[in-house]
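Peer 1:
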Amino acid sequence: MKKLVTVLVVLAVLLVVFLLLGPFYILSEGEQSVVTRFGRIVDTQTEAGLKFKMPLVDQVTKYSSRLQSWDGEAQRIPTAENQFIWVDATARWYISEPALFYETVGTMESGLGRLNDIIDSTIRTVISQYSLNEAVRSTNQINEINVVESFQDVESAEDAETLKTLTNTTVSQQRIEVGREGLSNIILEEASEYTDTYGITLEDVIIRQIRYSDDLTESVYERMIKERNQIAETYRSYGRGQLAEWRGQTERDRQTILSQAEAEAARIRGEADAQAASIYAESYSANPDFFELYNSLESYKVTLPATDKVLSTDGEYFKYL
1 MKKLVTVLVV LAVLLVVFLL LGPFYILSEG EQSVVTRFGR IVDTQTEAGL
51 KFKMPLVDQV TKYSSRLQSW DGEAQRIPTA ENQFIWVDAT ARWYISEPAL
101 FYETVGTMES GLGRLNDIID STIRTVISQY SLNEAVRSTN QINEINVVES
151 FQDVESAEDA ETLKTLTNTT VSQQRIEVGR EGLSNIILEE ASEYTDTYGI
201 TLEDVIIRQI RYSDDLTESV YERMIKERNQ IAETYRSYGR GQLAEWRGQT
251 ERDRQTILSQ AEAEAARIRG EADAQAASIY AESYSANPDF FELYNSLESY
301 KVTLPATDKV LSTDGEYFKY L
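This is the structure we're talking about:
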């Protein structure tokens, strides 16, 4: 009986010591672990719960099993036409093989460093193989858009149609075959070939933003300014044509008014002269001698002040002197 009690006590002590050494560990939700013994992987766990390990000899390395985000720095990359653009991308990834990740990478920080190298170099390689349109655009809808200027302050519908024709600057853009979304898929496919060797699975790679470099931005602005200047010059030409037309119409109206006024004035003068002649005739027939005297005196007022000397007054003209 004593021996049995002694054995049980020894077993209890050993069990307590064993439990104190920590043979169990807890794996929470969203975690996975790699158990190594003397540097060699002996177990991997991906399910949450209470897990067993050999005390003192086993080491547990935990990794997140959740979807992680990767945000790289914007890169200045040349396109196939050697036009530089800034490309800013993001990605989502997770550790799909914790044992392989432990062997090749070791820590999460090292994993992010590998991702930086792989994704950045893949983005640069892929973008430089395609044109600017492929990187910037995702669809060909721009070729289906027809922007038409509206003209409200024009004289007629014909003028409005003329202006529409003159200001039509529709440019057919080059059709894209891949597009930004397609480039993202190509980057994902090529980068995954490298990340798989580290136990990392890329969920997706997304080109988040593309910005023109300063020199390219300047050329784009210059092209836009040139197009707007062409439209502005069309408006100015239309305005100059309208001005010339209005001036011509004004001059024609002025000439018409002057002609009508001159005709009316001639008619009035003719009627006045006729009335004056009629009055003169009536006056003359009433007293011819007085009329002759009056006319002679009126004539003297004009001629005598301009005459320096009169040699004789015997003429008929000076008979009243």
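Here the sequence shown is numbered in UniProt numbering, starting from 1 and rising by one per residue. Note that CB positions come from ideal geometry on N, CA and C, so glycine has one too. A quick note: this is a predicted structure, and the numbers were derived from the prediction, not measured.
What's the call for L56, buried or exposed, on a 16-neighbour Cβ count within 10 Å?
Peer 2: It is exposed - the Cβ of L56 has fewer than 16 other Cβ atoms within 10 Å.
Peer 1: In terms of residue numbering, what span does the beta strand (DSSP E) encompassing I210 cover?
Peer 2: Run containing I210: I200 to Y212, per the beta strand (DSSP E) assignment.
Peer 1: Under 8 Å, with one C-beta from each stretch per pair, do the stretch 65-77 and the stretch 92-100 reach the 3-pair mark?
Peer 2: Contact between the stretch 65-77 and the stretch 92-100 is present, because at least three Cβ pairs lie under 8 Å.
Peer 1: Shortest alpha-carbon distance to Q45 belongs to which of S184, I200 and S28?
Peer 2: Considering only alpha carbons, the answer is S28.
Peer 1: Can you tell me the Cα-Cα spacing of S237 and R247, whole angstroms?
Peer 2: Looking at the two C-alpha atoms, the distance is approximately 15 Å.
Peer 1: When you compare only the Cα positions, how much space is there between T36 and D88?
Peer 2: Those two C-alpha atoms are separated by around 39 Å.
Peer 1: Let me check one thing: in DSSP terms, what residues is A89 bridge-paired to?
Peer 2: A89 is bridged to I207.
Peer 1: E81: which of I123, I268 and E134 sits nearest, CA to CA?
Peer 2: Per the Cα distances, E134.
Peer 1: Kindly give me the distance between the Cβ atoms of T122 and E203, rounded to whole angstroms, as I take these residues to be in contact under 8 Å.
Peer 2: The pair is not a contact, with the Cβ atoms about 15 Å apart (cut-off 8 Å).
Peer 1: In the DSSP assignment, find the unbroken alpha helix (DSSP H) run with Y300 in it and report its ends.
Peer 2: Element bounds for Y300: P288 to T303.
Peer 1: Quick one: using the 10 Å Cβ neighbour count with 16 as the cut-off for buried, is K3 buried or exposed?
Peer 2: Exposed.
Peer 1: With distances taken Cα to Cα, identify the nearest neighbour of E47 among I26, S192, F38 and M54.
Peer 2: Ranking the options by Cα distance to E47, first place goes to I26.
Peer 1: Please classify A274 as buried or exposed, where buried requires at least 16 other C-beta atoms within 10 Å of its C-beta.
Peer 2: Answer is exposed; the Cβ neighbour count stays below 16.
Peer 1: Who pairs with T61 in a beta bridge, going by DSSP?
Peer 2: DSSP output for T61 lists V34 as bridge partner(s).
Peer 1: Hey, could you find the ends of the alpha helix (DSSP H) D117 is sitting in?
Peer 2: Segment M108 to I127, the alpha helix (DSSP H) holding D117.
Peer 1: Just reading off the alpha helix (DSSP H) that L183 is part of, what are its end residues?
Peer 2: Its alpha helix (DSSP H) spans residues G179 to T195.
Peer 1: Roughly how many whole angstroms lie between the Cα atoms of L21 and M108?
Peer 2: Interpretation of L21 is limited by its pLDDT of 48, a score under 50 that renders its predicted location unreliable; no figure is taken from the coordinates.
Peer 1: Could you give the DSSP three-state label for I231: helix, strand or coil?
Peer 2: Of the three classes helix, strand and coil, the one that applies to I231 here is helix, per DSSP.
Peer 1: Taking Cβ to Cβ, would you say R137 is nearer than 8 Å to R76?
Peer 2: The answer is no: Cβ separation not under 8 Å.
Peer 1: Expressed to the nearest angstrom, what Euclidean distance is found between the alpha-carbon atoms of E103 and Q209?
Peer 2: Rounded to the nearest angstrom, the two C-alpha atoms are 35 Å apart.
Peer 1: Look at the alpha carbon of G106 and the alpha carbon of E177, and state the distance between them as a whole number of angstroms.
Peer 2: C-alpha separation (whole angstroms): 40 Å.
Peer 1: State the start and end residues of the unbroken alpha helix (DSSP H) segment that holds L100.
Peer 2: Run containing L100: P98 to T104, per the alpha helix (DSSP H) assignment.
Peer 1: So, are the CB atoms of E62 and F24 less than 8 Å apart?
Peer 2: The displayed chain sequence assigns Lys, not Glu, to residue 62. No, the pair does not count as a contact, with Cβ atoms beyond the cut-off.
Peer 1: Which partner residues does I26 have in the DSSP bridge list?
Peer 2: Partner(s): L50.
Peer 1: Could you name the residues that DSSP lists as bridge partners for P78?
Peer 2: P78 pairs with F84.
Peer 1: If contacts are defined as beta-carbon pairs under 8 Å, then F84 and S213 qualify, I think. What distance do you get, rounded to the angstrom?
Peer 2: Right, the Cβ-Cβ distance comes to about 4 Å (below 8 Å), so this counts as a contact.
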